[in-house]
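Start counting the sequence shown at 732; every next residue gets the next number (this note's numbering). Just so you know, even glycine gets a beta-carbon here, dropped at the ideal spot from N, CA and C. Below is one structure; the comments refer to it alone.
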Amino acid sequence: MLKKYINSLKNKKVGFIGIGISNMPIIKIFADADVDISIRDIKDISNGEFSEELKNLGVKIITGDTFLTTYMKTFYFYHPV
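Spelled out as structure tokens, the structure:
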């Protein structure tokens, strides 16, 4: 069932607001399935704990004060605060 759901996202754009350890497993699953992923965060995470891994996965990272100004994605996942 999960595989079917992930396959349904292949032609969609998926975004994550906030990055943290809780989102990394699903980001990896989606990236392995060639889903178009972006991560948005107000903080600069380009040199953070997961930055190198995210770049290797092909994830787009959008940060700064305007991180939410252009967010036309099909689905968004929020990092719990």
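Minimum Cα-Cα distance from Lys786 among the listed residues Ile758, Lys741, Thr797 and Asp796 corresponds to Ile758. Within 10 angstroms of the beta-carbon of Gly795 lie fewer than 16 other beta-carbons, which makes it exposed. Comparing C-alpha distances from Asp775 to each of Ile750, Asp763 and Lys741 shows the shortest one belongs to Ile750. Under DSSP, Lys791 shares a beta bridge with Ser769. Separation of the CB atoms of Ala764 and Ile737 is rounded to 5 Å, and the pair is thereby assigned contact status at 8 Å.
The beta-carbon separation of Asp772 and Val745, rounded to 15 Å, does not stay under the 8 Å limit for a contact.
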